[in-house]
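Take the sequence shown: its position 90, counted from the start at 1, is 90 in full-length UniProt numbering, and no numbers get skipped.
All residues carry an ideal CB built from backbone N, CA and C; glycine is no exception.
None of the values given here were measured: they were computed from a predicted structure.
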Amino acid sequence: MRNIVLYKSKYGNTFQYATWIAEELDWEIRDFSKFKKAEIKNYNTIIFGSGVYVGKMNKIKKVLEWFKEKPIIIFACGGNNNVEKDINDIKINNFSENQLAFHTFFYLPGGVDFSKVKGIIKIMINVFIKIVENKKNKKEYEEAILKSYYHPTNYVDKKHIQAIVSYAKKI
Ligand SMILES: Cc1cc2nc3c(=O)[nH]c(=O)nc-3n(C[C@H](O)[C@H](O)[C@H](O)COP(=O)(O)O)c2cc1C
1 MRNIVLYKSK YGNTFQYATW IAEELDWEIR DFSKFKKAEI KNYNTIIFGS
51 GVYVGKMNKI KKVLEWFKEK PIIIFACGGN NNVEKDINDI KINNFSENQL
101 AFHTFFYLPG GVDFSKVKGI IKIMINVFIK IVENKKNKKE YEEAILKSYY
151 HPTNYVDKKH IQAIVSYAKK I
């Protein structure tokens, strides 16, 4: 039976993790956008991973719709370095309790680099940063955004795939 790692990645962090996981497990790997719903039946075990943008995992709505009857392994690749509260927020923002119990969720730390952002989003971020900078009493999360704007972070490391790889090997 075939197994596959599907990913959706804007700036490469999720892609890097998906590549390492597929290599380690010796599974197929494919961009989720090139995968068809009709192919689901051809696969035994499926891992899906994507980046988190403004609280939401990329393509998660479609994934949860497609995999309503087939439990899969899902990993989110966000900006924080395994901060429990942030990981919990990602779970709450993207899944119902039933969906979390049905699928298996992992978090892999990506990092934030706003310099890679292009187009309209970049303009919006720059406007937002200027507004936050001019605020007298900044909230904790606003300080954190300002910090990551000026100091890009990258927590991508092969060591983080161990938990998801050992789980997949046991299925
Ligand atoms: C515009 C923007 C919004 C983001 N929003 C979040 C967020 O709400 N939560 C989070 O954990 N990370 C957030 N991030 C960080 C990304 O999830 C992180 O960089 C991730 O590793 C990207 O994965 P990808 O390159 O595979 O798409 C954001 C990044 C950008 C550029």
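What are the boundary residues of the beta strand (DSSP E) that I171 is part of? By one-based count along the sequence shown, residue 171 stands at place 171. Element bounds for I171: n/a, residue is neither H nor E.
With H, G and I counted as helix, E and B as strand and the rest as coil, what does DSSP make of E28? Within the sequence shown, the letter at position 28 stands for residue 28. DSSP places E28 in strand when its eight states are reduced to three.
So what's I72 in DSSP terms, helix, strand or just coil? Mapped onto the sequence shown, residue 72 falls at position 72. The answer is coil: DSSP assigns I72 none of H, G, I, E or B.
What's the C-alpha gap between P152 and V112? As a position in the sequence shown, residue 152 is number 152, starting the count at 1. As a position in the sequence shown, residue 112 is number 112, starting the count at 1. Computed Cα separation, rounded: 6 Å.
Could you give the DSSP three-state label for S96: helix, strand or coil? Along the sequence shown, one-based indexing puts residue 96 at 96. If DSSP states are grouped into helix, strand and coil, S96 belongs with coil.
Could you tell me whether any non-hydrogen atom of ligand 1 is closer than 6 Å to the CB of K34? Here residue 34 refers to the residue found at position 34 when the sequence shown is read from its first residue. The answer is no for K34.
Using a threshold of 6 Å, is the CB atom of N94 nearer than that to any non-hydrogen atom of ligand 1? Mapped onto the sequence shown, residue 94 falls at position 94. Answer for N94: no, Cβ out of range of ligand 1.
List the DSSP bridge partners of K8. Indexing the sequence shown from 1 puts residue 8 at position 8. Its beta-bridge partners are S50.
Just checking V54 against ligand 1 - is the residue's beta carbon closer than 6 Å to any of the ligand's heavy atoms? As a working mapping, residue 54 is identified with position 54 in the sequence shown. It does: the Cβ of V54 is within 6 Å (strictly closer) of some heavy atom of ligand 1.
With hydrogens ignored, establish whether the beta-carbon of K158 is closer than 6 Å to any heavy atom of ligand 1. Mapped onto the sequence shown, residue 158 falls at position 158. No, Cβ of K158 sits at least 6 Å from all heavy atoms of ligand 1.
Under the three-state DSSP convention, the category F67 falls into: As a first step, residue 67 must be located in the sequence shown, where it is residue number 67. Looking at F67 - three-state DSSP - the assignment turns out to be coil, as it is neither helix nor strand.
Closer than 7 Å, CB to CB, is E69 near chain B or not? Here chain B cannot be found, since the structure has a single protein chain.
Between G49 and Y7, is the Cβ-Cβ spacing less than 7 Å? Stepping through the sequence shown from its first residue, residue 49 is reached at position 49. Stepping through the sequence shown from its first residue, residue 7 is reached at position 7. Going by C-beta atoms, G49 is nearer than 7 Å to Y7.
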